[in-house]
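This report refers to the structure that appears directly beneath it.
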Amino acid sequence: MATESRPEEQPPAGRGGRGDAGAPGGRRAAAVRRAVAIGVAATAAGVARRYLTARQDGQGQDPTHRDAGSAPAPETRPVAPGADLSRSAPADRSAVDTASTATSPPPAAVTREAPAPAAATATRPSRTNPAVAEDLDRRRSIGEEIHDAAPTGDLDTMWDDHLLNLKLVNPANRRRFKVIVVGTGLAGAGAAATLSELGYQVEAFTLHDAPRRAHSVAAQGGINAAKGYKADGDSIDRLFRDTVKGGDFRAREADVHRLSEMSVRVIDHMTALGVPFAREYGGQIATRSFGGVQVSRTFYARGQTGQQLQIAGAQQLLKEVGAGRLTLHTRQEMLDLIVADGRAVGIVTRDMVTGDIVPHTAHAVVLATGGYGNVYFKSTLAKSSNVTATWRAHKRGALFANPCMIQFHPTSLPLTSEWQSKLTLMSESLRNDGRVWVPKEPGDDRAPEDIPEEERDYYLERMYPSFGNLAPRDISSRAAKIQLDAGKGVGPLRNGVYLDFRDAIARLGRKTMEERYGNLLELYTDATGEDPYTSPMRIAPGPHFAMGGLWTDYNQMSNVPGLFVGGEASFNYHGANRLGANSLLSASVDGWFVLPWTVADYLAPQLGQEPVPHDHPAVTSAVAEASGRVDQLLGIGGTTGPDVYHKELGQLLTDHVGVERSAEGLAKGADAIKDLKDDFWTNVRVVGHGQQLNQELERAGRLADYLELAELMALDALDRDESAGAHFRSEHQTEDGEALRDDEHWTSSSAWEAAPPDGTPTRRSEPLTFDAVPLATRSYK
Amino acid sequence: MRLTLEVWRQADAATPGRFERYEVDGVTAEVSMLELLDILNAQLVAEGREPVAFDHDCREGICGTCGIMVNGQPHGPEDHTPACLQRVRAFSDGDVVTLEPWRAGAFPVLRDLVVDRSALDRIIASGGYISTATNAAPEALSLPVNKHQSEAAMDHAACIGCGACVAACPNGAAQLFAGAKVAHLAELPQGQVERYERVRSMVATMESEFGSCTNYGECVPACPAAIGLDVIAHLNRDFRTAVVSERRGEVPERTDVRWLARLRGEAWWQSDPDDRPGDTPKRS
Ligand SMILES: Cc1cc2nc3c(=O)[nH]c(=O)nc-3n(C[C@H](O)[C@H](O)[C@H](O)COP(=O)(O)OP(=O)(O)OC[C@H]3O[C@@H](n4cnc5c(N)ncnc54)[C@H](O)[C@@H]3O)c2cc1C
Ligand code: SF4
Ligand code: FES
C-alpha cells in the first residue's frame, strides 16, 4: 500500500554525482568516508555537487514576502561579526559560492519553489487568515533573516574540512583560557571533561548535588549510531536521511549530517569508557530498532542507556576534578548570563545552600542545561529541569529558536491520581514488541482480556501499515489523541490506550521479554500495581522533548559571540520532531566531538586577554539584577505557592499548545498565559528567605521564566502557520488528517529576539535548504 | 487515609534540628513517599509555613537524588526501592510515619531532609573511571566482550549513587557503593589497565571519609539497584592483590600516565609518559 512513498524506497535523488564515486550500491562504508576525509579520495569528493547554502542574497526567498519597509526595523542584536562567518568557511568559499550559484540550480527533485530575488527580509505567509495576521502583527514584529555560518561544500567532507579551518590553541597556552560549562548532562560533561583534558581551565556548574544526576540519566531506550553492525542497509547517509525526514524537514542538513557522521565515534568512545552496552553471545554489541526507522541502529544498556552514558560522562568529569584541573560547582543555579561589549563573558549563580549570588567570568560560556518540557508541569522530565539558563541568555540577546516545537511522547503512563507529580515515561522501545490498541466501541469498559480480537482496533497498524506500532512519535501521539477524543480511552480515567505484549510473550517467551524490558515492566508494576505480563499496559502521550532551544550556528555558537550551546538546550538537529534515540546522540556529539573544537576556535584570537574583572559594570549590574529578581519574588507576599501557578500554566499549555493547536486556541492561550503571568507577579507567595536552601524560591524563579517562555511558545505556534512534525495546526491537515506542511512559506526555522521592555518579540527566519534529502511529504503509511 | 508525619526539621547545617508533627489527610494508596511530602508541603505553603526541604528529581528511580529515612529504614519499608517509587500502600490509616534525613558521618545535613553526599563523588574522582581521552577510542567492536561479563558489569553499574547503603550501615561505610564501581569496571576488558591502581586510590579516599565495613549486610536490602555483597568481596580481593603485589615490590602493569605522575608528585598533564618509574622524580 502506497509503497512508492515509503521513505527507504525513494531514490537517492538530490545527491547528484555523489553516488558514483566509489560508492558501492550508492552507500559508502565508514572507512571510505574517512578516506575521503583524509584526502585519498579527494577527487571523488571534488566532483560531488557543492552544497548550497541560502546565504547568498535572495536565496530561499519567496516573492510574496513582505518587504523590509513594512516591518519595523529591528534593534540589531549583537550578531557574530562578519569576520566570523568567513572564518568558519573553507578558504575557497567565495569561489564555491559564486560557482554554485551560477551553475547549480537546485535539483529538480526539490519541490521548493525556485528562489526568487528579494530583499533580505523576513518571510511572511500570505495565506494567513487576515484577522489572525492582524492579531499576529500586534503580538510580534518581523526582523531580518538570519543565516548560520555553515561552510559550503560536500556534506560528506564538510565537517572535516571545517575542522581544518578552525583555529587551534597551542597546548602551552590552553591554561591561559577559562571556559565556563553550565550543566553536567551528556553534553555538558562531555564538553567540560574534554576541554579540561585538552588543558583549558574549566569551571563546571550544575544545580544538582552531583554531576551524575543530570536528566540524561533518565533516558531509557538507547542511542542511535550509524555503525551498520547489522546487514540491514544502515549507513551514515541513512541515519542522516531518517533524521532530516523524521524532523519533517525543519532542521539543517549540514548539522544533521555531522550528527550522523560523529555517531560512530560516540559508540567507540562510550564503549572505551566502560559503558556496558548489551552484547550478543559472540561478544559483539547488540542493537535494536526504535520508533520511526526500519533498521536496527539503536545501542542500549538494558533499559538504562541514559544512565550508563551519563555515569560514564560524569566519571570523566570527576576524573578531571580528581586530577585537580577542573573546578566543579555543585548545587549552583545559573540565574543570568553576563554579556560585556556584545560577548558572553560569564554567568551569575546562586548557591542553592547558602543563597549567595555571585558572578563567574571566563573567556567563553557553554550552556548545556537541557530541555524545557517541564513548562507543562507534568512532563517526563525531572522536576528540576528548567529554562532559566537559556531564557536568561535569550533575554541578554541570544535568539530562541522554534520554541513551539515540543515532542509528546506516545508512551508515557497516563495520570492515575491528582497528586501524581510527573509523567513516567515507558521507553518507546516497548513498541518494538508491544501492539497498541483501543476497543472499537467508545466507552467499552470490559477488562482488556474480555475484549475479543475482532473488537479491538490496532489503530497504528491499521493507519500506518508499513511502520505500524513503530510509527514516529508525533504521529503515534496524535493517533492516540484521536482515539482518546473519540471516547475510546481506557483505564479508570479513560485517558490511555493499551500497549499489549501478549503476542510478543507468546512468540519470544517471558524470559526474553524480561531480559529486554525487565526494569521498565517492573517500573510499570510499581507505579500502577498492574502486571504487564498478564494484562496490557496503559499508555498516553506526554510532553517529553524540546526540539526548540537557543539558536546556534554550525559551531554551536549562539548569535552572542562566546555563548555556546549544546545538547537539548540548543535547537539544530531535530527540526519539528526528534527521532527516538537521537537525543542522547546529539548531546554526546555536541559535548565530546563538536564543542571542544569550536570553542577553541573562538578562544584562539583572545590570547593574552584576561576574563572580565568582577568590578566591570556588566558584571556588577548582572549580579544586582539577579539579586533584585530574587528579592522581588520573595517580597511579593501573595497568597498562592508557585506550584499552583505551575499546574495552571501546564493546563493552559496542554489545552492550547498541546498535541494539536489552532489559531483561535493559541491566541486565547497566549492571552491566558499573559494574565497568569501578571497574576503570578502580584500574587505569588514564596515562603522563607533568600539566604538559605529554599526550594520554594527555586521553583518560583524557574516558573517566572517558564511563564515568559510559555507566552513565546504560544506565539511561535500561532506564527508558524503550517503543520510540521510535532507542531500540528488543526487548520493545516490533509484530508486523512495528516500534517500539512507549507514548504513554500515555512521551510525555515524561527529565531526569536526577546521583546524590549513594553515591546513585542521579533521573529527572524533562518531559511533552510534541502538538497541532499529532497523535500517530500513524510509518509509512514 | 490519614497519616501523622514526624518530620525532621533543621534550618541549616549549623543549627540543631528537631522533629515536628504534621497531619495529612486524603492520601491514596498509589501516592509515592515523595508525593506524600508534596501533599504536606502544599498544605504548609497554603498556611504560609516553610515547606519541608527534600532532595528529589527524576521521580522514576534512576537519578539517585531522593533519599530519606522512613521509620528508620532507608528509602522506606519496601526493599530495593528508592523513595520516589515507594508507595503509601505500605501504611494504613492512622499510622505515624517518621521521616528523617540520611544519618551518616560522611553526609552532613544541609537542611531538613537534604544531606551533602559529595563524599561519594570524591571516591569516584579518585579512580572510579577509565582514562580514555576523547577521540582516542578504538573501534567498539575491536574488543568483544563476553555477554555474561557484560551483563555482570551492567548489574554493578546499575548503582544510582543514592547513598542508602551508607545510611543503612551501622558503621556508615561506603563499601557497597565503591565495590559496585570497582566491580563494574573490573568486569570489563577496558577496565583492566588501571584496575589495581584504581582500587587502591578509591579505597584510600573511601577510608578517609567513611566508616569501615564489618559485613553487617544491612546495605543490601536498602539498595534500590539490588547491588549484592559480592561487590564487596570483589573490592577486597582486588585491593588485596594490589597491596600484596606492591609489598612484594611487584608493580602491576602500569602504563597509566596518571599513575606515573602521582609517583613523581607532579600534575599529570605536565608529565612525560616516557619517563619510567624508577627515574628520579622531578619535583617542581
Ligand atoms: C524520561 C526520558 C527518557 C529519554 N529517553 C531517551 C532515549 O532513550 N534516547 C534518547 O536519545 N534520548 C532520550 N531522552 C532525551 C535525552 O535524555 C535528553 O534530551 C538528553 O539527555 C539531554 O541531555 P543534555 O546534556 O542536553 O541535558 P541534561 O542531561 O538534562 O543536563 C542538564 C544539566 O544542566 C544543569 N542545569 C540545568 N539548568 C541549570 C541552571 N539554571 N543552572 C545550573 N545548572 C543547570 C543540570 O543540573 C544538568 O546537569 C529522554 C528524555 C527523558 C526525559
Ligand atoms: S550501592 Fe545501592 S544503595 Fe549504595 S549508592 Fe548505589 S544504588 Fe544507592
Ligand atoms: S527522584 Fe530520582 S531516584 Fe528518586
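For the protein sequence lines, the chains are E and U, in the order given. So for the first sequence, the working numbering puts the first residue at 1; every next one is plus one. So for the second sequence, the working numbering puts the first residue at 1001; every next one is plus one. By construction, the Cβ of each residue, glycine as well, lies at the ideal position given by its N, Cα and C atoms. No experiment lies behind these values; they were computed from the predicted model shown.
Inset, instruction - Anything in the region 328 to 360 of chain E with a Cβ closer than 7 angstroms to a Cβ of chain U? List those residues in chain order, please. - result: T330 and V353
Inset, instruction - Below 7 angstroms between beta carbons is the criterion; list the residues of the region 436 to 448 of chain E that meet it against any residue of chain U, in chain order. - result: none
Inset, instruction - Round the Cβ separation of E:L718 and E:A663 to the nearest angstrom and send it over; I've been treating them as touching at under 8 angstroms. - result: 6 angstroms
Inset, instruction - For U:S1092, return the contacting residues in chain E, with the cut-off set at a CB-CB distance below 7 angstroms. - result: Near U:S1092 there are no residues of chain E at all, since even the closest Cβ is about 16 angstroms away, more than 7 angstroms.
Inset, instruction - Report yes if the CB atom of E:L802 is closer than 9 angstroms to the CB atom of E:M270, and no otherwise. - result: Outside the shown range of chain E, which is 1 to 781, sits residue 802 of chain E, and nothing can be said about it.
Legend entry - E:T287 versus E:S429 - alpha carbon distance: 11 angstroms
Inset, instruction - Could you work out which residues of chain E lie near U:I1232, taking near to mean beta carbons separated by less than 7 angstroms? - result: Neighbours of U:I1232 on chain E: none; closest Cβ ~20 angstroms, over 7 angstroms.
Inset, instruction - Return yes when at least one heavy atom of ligand 2 lies under 8 angstroms from the C-beta of U:V1182, else no. - result: no
Inset, instruction - Measure the Cβ-Cβ separation of E:A191 and E:P211 and say whether it is below 9 angstroms. - result: no
Legend entry - Same chain only: Cβ atoms within 7 angstroms of E:H656, ignoring 5 sequence neighbours per side: G665, L666, K668, G669 and A714
Legend entry - Three-way DSSP call (helix, strand, coil) for U:I1160 in this model: coil
Legend entry - Three-state secondary structure (DSSP) of E:A435: The amino acid at residue 435 of chain E is misidentified as Ala; the sequence shows Arg. In the structure shown, E:R435 sits in a strand (DSSP, three-state: E or B).
Inset, instruction - Return yes when the Cβ of E:P541 is within less than 9 angstroms of the Cβ of E:R477, no when it is not. - result: Looking at the sequence provided, one finds Ser at residue 477 of chain E rather than Arg. In this structure, E:P541 lies closer than 9 angstroms to E:S477 by Cβ.
Legend entry - Residues of the region 592 to 606 of chain E whose Cβ lies closer than 9 angstroms to any Cβ of chain U, in chain order: W592, F593 and P596
Inset, instruction - Could you tell me if the beta carbon of U:A1225 falls within a distance shorter than 8 angstroms of some heavy atom in ligand 4? - result: With respect to ligand 4, the structure offers nothing, as its ligand set consists of ligand 1, ligand 2 and ligand 3.
Inset, instruction - Quick one: using the 10 Å Cβ neighbour count with 16 as the cut-off for buried, is U:Q1010 buried or exposed? - result: buried
Inset, instruction - Could you tell me whether the Cβ atoms of E:V313 and E:G591 are closer together than 9 angstroms? - result: In the sequence under discussion, the amino acid at residue 313 of chain E is Gly, which differs from the Val named in the question. Yes.
Legend entry - When E:E454, E:P130 and E:Y533 are compared against E:A434, the one with the closest alpha-carbon: According to the sequence provided, residue 434 of chain E is Gly. The question's Ala does not apply to it. For the residues E:E454, E:P130 and E:Y533, the minimum Cα distance to E:G434 belongs to E:Y533.
Inset, instruction - Under 8 angstroms between beta-carbons, which chain E residues line up against U:L1185? List them in chain order, please. - result: G274
Inset, instruction - Please check if any C-beta of chain E sits within less than 9 angstroms of the C-beta of U:R1059. - result: yes
Legend entry - Contacts around E:A231, its chain only, beta-carbon distance under 6 angstroms, and the 5 residues preceding and following it disregarded: none
Inset, instruction - Please go through the same chain and pick out, in chain order, the residues whose beta-carbon is closer than 7 angstroms to the beta-carbon of U:T1132, but skip the five residues on each side of it. - result: none
Inset, instruction - Could you name the residues of chain U that E:E648 contacts, counting a contact when the two beta carbons are closer than 9 angstroms? - result: The contacting residues do not exist; E:E648 stays about 14 angstroms from chain U at best.
Inset, instruction - Provide the residue span of the alpha helix (DSSP H) that contains E:A344, from first to last. - result: Counting along the chain, E:A344 falls outside any alpha helix (DSSP H), though it belongs to the beta strand (DSSP E) covering R343 to D351.
Inset, instruction - Give the secondary structure of E:N683 by DSSP, where H, G and I count as helix, E and B as strand, and everything else as coil. - result: helix
Inset, instruction - Check distances from the C-beta atoms of the region 416 to 433 of chain E to those of chain U and list, in chain order, the residues that come in under 8 angstroms. - result: T416, S417, W419, Q420, S421, K422, T424 and L425
Inset, instruction - Determine which residues share a DSSP beta bridge with E:G628 and list them. - result: In the DSSP output, where bridge partners are listed per residue, E:G628 has none listed.
Legend entry - Proximity below 9 angstroms, CB of U:F1296 to CB of U:V1193: In the structure as shown, chain U starts at 1001 and stops at 1284, and residue 1296 of chain U therefore has no counterpart that could be examined.
Legend entry - Spatial neighbours of E:H215 in its chain, beta-carbon cut-off 7 angstroms, leaving aside the 5 residues before and after: G185, G370, L381, A382 and S385
Inset, instruction - State the Cα-Cα distance for the pair E:G487 and E:D526, rounded to the nearest angstrom. - result: 27 angstroms
Inset, instruction - Give the DSSP-derived three-state secondary structure of E:G246 in the structure shown. - result: helix
Inset, instruction - Could you tell me whether the Cβ of E:L693 comes closer than 9 angstroms to any Cβ of chain U? - result: yes
Inset, instruction - State yes or no: is the C-beta of U:I991 nearer than 8 angstroms to some heavy atom of ligand 1? - result: Shown here, chain U extends from 1001 to 1284; a query on residue 991 of chain U therefore has no answer.
Inset, instruction - Compute every distance between the C-beta of E:M405 and the non-hydrogen atoms of ligand 1, then say whether any falls below 8 angstroms. - result: no
Inset, instruction - Please go through the region 550 to 588 of chain E and give each complete beta strand (DSSP E) segment of 3 or more residues, from N-terminal end onward. - result: 563 to 565
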